[in-house]
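Q:
Residue numbers (the working numbering): 539 to 752.
1. Measuring only from the beta carbon, is residue 676 closer than 7 angstroms to any heavy atom that is part of the ligand SAM?
2. Would you kindly report the start and end of the unbroken alpha helix (DSSP H) that includes residue 577?
3. I'd like to check one pair, residue 714 with residue 599: are the Cβ atoms closer than 8 angstroms?
4. Is it buried or exposed, residue 667, if we count other Cβ atoms within 10 angstroms and call 16 or more buried?
5. Relative to the C-alpha of residue 652, which candidate in 710, 671, 563 and 702 has its C-alpha closest?
6. What span of residues does the alpha helix (DSSP H) with residue 599 cover, start to end?
7. Taking the alpha carbon of residue 607 as the point to measure from, which residue in 643, 699, 554 and 734 has its own alpha carbon closest?
8. Ordered along the chain, which non-local residues of its own chain (more than five positions away) have a Cβ less than 7 angstroms from that of residue 591?
9. Which runs of the beta strand (DSSP E) spanning at least 3 residues fall entirely within the stretch 628 to 668, listed in chain order?
10. Taking DSSP as the reference, what is the three-state secondary structure of residue 623?
11. Got a sec, what are the start and stop residues for the alpha helix (DSSP H) residue 704 sits in?
Right, here's the structure in full:
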């Protein structure tokens with residue numbers, strides 16, 4: 539099996555540090571907004587844990603958007619440090635969101651959550667469709683591991699990577715744009731993600747009209 543292409547330490551480290559610093563700053567802002575009870579724009583007053591759930595998923599989409607865009611321009615077998623860094627930290631933001639939802643607003647009662655009885659635990663435990671979220675988290679996590687260990691000139695790695703990116707895009711679009719409960723800010727973030735990714739796809743097709751995406 540092919541391993542990740544060798545990169546000199548400097549160029550390989552820069553994208554990781556850039557995404558890491560951005561991740562830390564955004565998470566700090568999310569925690570500060572939760573602690574200071576910045577309005578969510580969805581009506582009623584909510585707990586700090588609920589705000590953490592909301593703000594951390596906003597961080598996830600903020601980091602996911604550049605990851606999706608960078609993936610559009612990825613080339614088979616070529617190192618893509620910025621994509622890998624943003625894809626990794628967007629995943630960590632998603633995991634943080636799921637942890638706050640599971641252990642915070644849902645108080646660790648995973649049996650009730652998986653059975654669709656979350657709101658009986660707490661009115662703020664609003665995990666409506668846990669299985670798709672867990673499926674995405676598992677697949678995304680697998681791809682993060684592959685991104686750090688295996689070069690994507692392997693066909694099955696490349697194919698599944700396209701698929702999990704598409705799944706992430708569709709699920710975040712549905713949650714941020716189509717969901718009737720989404721706040722104004724969430725819709726704006728979802729629309730910005732959609733426009734950015736579509737613009738990158740169009741640009742990729744214009745720049746390389748005769749070459750498949752690989």
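Note that CB positions come from ideal geometry on N, CA and C, so glycine has one too.
A: Quick look at the numbers:
1. With respect to small molecules bound, the structure shown includes none, and the ligand SAM cannot be examined in it.
2. Counting along the chain, residue 577 falls outside any alpha helix (DSSP H), and DSSP gives it neither H nor E.
3. yes
4. exposed
5. 671
6. 586 to 610
7. 734
8. 635, 638, 639, 642 and 643
9. none
10. helix
11. 693 to 711
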